[in-house]
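Below: the structure, in structure tokens.
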Amino acid sequence: MDLLQHNKIAYDAVVEHLKHSDRTCVIHPTGTGKSYIALQYIEDHPDDRGLYITSVATNLLEFWDKVEKLGSYRMVLNLSDIPRHVGTGKRGDLDGIVDEDDEEVIDDEERKDLLKRATEIDESHLTGPVLQFSLYAGLQDLLPNFDYIIIDEFHRAGARQWEARVKHLLGDNPKAKIIGFSATPMRMDGRDMRELFNNDVASEMHLSDAIANRLLPLPVYWIGMIEFDEIDEEGKVTEKKKQNYTRIAKRHLEAGTGLREAFQQALTAENAQRGKFIIFCRTIQNIRTLKRMSDDWFGWAGEVHRYEMHVQDRNGFSDFAADDSDCLRLLFVVDMLTEGVHMDDLDGVIMLRPTESERIFFQQLGRALAVSTKREHPLIFDIASNAAAMRGGMDFIKGVGREMDLDDEEMEKFFHITTEAADFIEHLRESEFDYDGALQQFFNENGHLYIPAGYKVGERDVYDYYCKVRGRKNQLSDWSRKHYEAMGMDWDITSRWMKGFWAAEQYFSEHGNIDVSSTLGKYHDVWLYDWLNQNRMSRESLCERQIMMLDSLGMDWVIHDRWEDNFRELERFKEQYGHTDVPGTHPLAKFVAGLRKNPLDPEKRERLDALGFDWDGRASRSRNAWRAGTAHAKDFYNEHGDLKVPRNYACSDGYKLGNFLKRIKREGKLAELIREILPASDHSL
């Protein structure tokens, strides 16, 4: 196989790394031909047992076809049935709510093709060279004893539903060489999946490097808004370039290019009215709106063919791919085509799906960027301003300008700004749920942005969205962080912690201190004693502001011993009531039950004995039952002047006094009760 120079260099690096390590990976941008590196390894190891893993059925089928062209290989797909939904989870409609590893839906054609290639496993497959194919969702049905394992899209290996299977697979094949391929090793949760390969990277290439080195075409990039910071990678102020970029941005903003004009200018300038574009949308509902709006955007273009691709209709892609008409062709997509699909005749992509996931951003971008593309300068319409919402997006734009040493005129040619985008995105949100709007509304109503656990607006889990935004803090661009900070976002203190502090603050206002008893129980829906003690134990991990806030309430930072605090409460109970028979409804009841059940050291037993603690729980409960009954009987007598209690009588608090009197009569204790509750002159009653 004749590899392109950059892939040959990467392949040689893989081979060299595997001489000294069992695991290595290649991180190259989408469209640079990573699969050919894997194919070369397969071709060079015809006598080995290999496994190829990927996440999407389309990828698996395309790679299968490429391997078949190499020559004669024993190829196995040992899945007896292919469900329509491979994987687990459910789809959402907003980035940050959707799990990046949710189910991949297989259409009828793909399912039929997979089943056709599935192989009946017999003993002949258990020995000798064989190449097995598997989706992540099928890792439980594999042949044994692999010599090498190729993990495509290896960022998926960290998914909650697949990670255990991947680890089990690698554990079962300790001698296998493991090779991973991905364009985006960082997951949305911040985890870097290089860890799967012990951080051994044979070759790494950034998208801006691939474009600068002419491996991928330089796109013409239109964006809704843009920012450039003043600091370069070495921490130096790049004042000249900052001024240049700012001047370019200002000039475009003043020109006020609208979306219709932007599309018309870009397509006309490139003579691309006969173009093909994938439009990434957020929801199926969006598609209906966007189709209507596209009548205005492309009304000047004459004939326009529109197709859809989403979970309810996957057939649009094949029709779109086959359409060779002399007109503008648009494919509206929801939650698909972000991986594994390249079209040589695609003219560009239109991003209408707001996302802060760098992985999804670069995958969408990569649909239009490939070594094999026929277009010299693919068109990227980042109408949702995704590049401005994340550090990686801005690094890409600045990196291209820096690596290719583009001057002002060239930057203006390849990077454009349209002012209508912000209004368009706002219009798009009107028909959907706006999570950021919900955060802003919560702040307006409450004066803070500490969203309580479980908080929803209708069926939308706003608290979950709030947590995910906080969790992605380090992945957000400066613009995005400032956007949420302006809303009232506190990156250092969680809403859960503030709930505990507010309870402590309320306790302080009522008692003048926060010397909370271990028997307090829940206070304003917070186990305040435990919350304070947890803060004492984790003081080193608290931020300075949290410590100052607790100090303002007179926080005692000495860690409390719950047993000692409970013992002191038991002493107070004895002092107040004259005994240690704690009733089951008292906050000390659990502590007392534990004393009788669990072995104690001699010193603690002596202290309890000295207090008069009765180790016989049954006797203690019996005495408490007598005390409760006599107290209620005395109240009845004081109110009615006698003890003529009806058989099934219950007091106002629910106590069944009739049952109590019936029991003590049976036990012959009525006279004892009368002596205890009645005046001496009435004992004859």
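Residue numbers (our numbering): 55 to 739.
Beta carbons: idealized from backbone N, C-alpha and C, even for Gly.
Contact check for Trp276 against Ile414 fails: the beta carbons are separated by 9 Å or more. As a beta-bridge residue in DSSP terms, Gly104 pairs with Leu185, Tyr202. Just so you know, the alpha carbons of Glu207 and Asn500 end up roughly 43 Å apart.
Beta-bridge analysis with DSSP links Arg360 to Leu384.
The distance from the Cβ of Ile333 to that of Leu385 is about 7 Å, consistent with a contact at the 8 Å cut-off.
Residue pairing by DSSP places Cys79 opposite Gly234, Val255 in a beta bridge. In this structure, Leu649 is the residue among His260, Pro641, Leu649, Gly683 with its C-alpha nearest to the C-alpha of Phe667. As a beta-bridge residue in DSSP terms, Cys335 pairs with Val388. Secondary structure note for Tyr275: its beta strand (DSSP E) is the uninterrupted segment 274 to 277. Per the C-alpha coordinates, the member of Leu503, Ala422, Arg659, Phe714 positioned closest to Ala685 is Phe714.
Spanning the alpha carbons of Lys553 and Arg661 requires a straight line of approximately 38 Å. Taking all protein chains in view, the Cβ of Asn702 is surrounded by fewer than 16 other Cβ atoms within 10 Å, so the residue is classified as exposed.
Note on geometry: alpha-carbon atoms of Lys723 and Lys658 lie some 37 Å from one another. The alpha-carbon separation between Asn252 and Glu116 amounts to approximately 29 Å. Rounded to the nearest angstrom, the Cβ distance from Pro228 to His209 is 23 Å, too far for a contact under 8 Å. The beta carbons of Val80 and Ala256 sit closer together than 9 Å. Within the same chain, Cβ atoms closer than 8 Å to the Cβ of Lys231 are found at Leu72, Asp76, Arg77, Asp201, Tyr202, Ile203, the five residues on either side in sequence being excluded. The alpha-carbon separation between His431 and Asn267 amounts to approximately 14 Å. No Cβ-Cβ contact shorter than 9 Å links Ala375 with Met405. Contact between Val388 and Thr337 is confirmed by a C-beta separation of about 6 Å, below the 8 Å threshold.
In this structure Tyr691 is buried. Its beta-carbon is surrounded by 16 or more other beta-carbon atoms within 10 angstroms. DSSP places Arg514 in the strand class (E or B) of the three-state scheme. For Arg616, the CB contacts under 7 Å within the same chain, skipping 5 residues up- and downstream, are Ser572 in chain order. Residue burial annotation: Asp98 is exposed, with fewer than 16 other C-beta atoms found within 10 angstroms of its C-beta.
Rounded to the nearest whole angstrom, the C-alpha separation of Met129 and Gln94 is 16 Å. Counting the other Cβ atoms within 10 Å of the Cβ of Ala316 gives 16 or more, which makes it buried. When DSSP states are grouped into helix, strand and coil, Lys658 belongs to the helix group.
Straight through space, the alpha carbons of Thr409 and Leu654 are spaced by roughly 58 Å.
With a 10 Å radius around the Cβ and a threshold of 16 neighbouring Cβ atoms, Val612 comes out exposed.
Here Leu180 is not near Ser188, since their CB atoms are 9 Å or more apart. If you look at Asp605, you'll find it isn't in any beta strand (DSSP E); it sits in the alpha helix (DSSP H) that goes 598 to 605.
Here the region 632 to 644 makes no contact with the region 593 to 604; the two share fewer than three CB pairs at distances below 8 Å.
Spanning the alpha carbons of Lys644 and Asn620 requires a straight line of approximately 10 Å.
Take the alpha-carbon of Gly712 and the one of Ala704: they are about 7 Å apart. With fewer than 16 other Cβ atoms from the protein chains shown falling within 10 Å of its own Cβ, Cys381 counts as exposed. Of the residues Asp663, Gln319, Gly708, Leu114, the one whose Cα lies closest to the Cα of Gly683 is Gly708.
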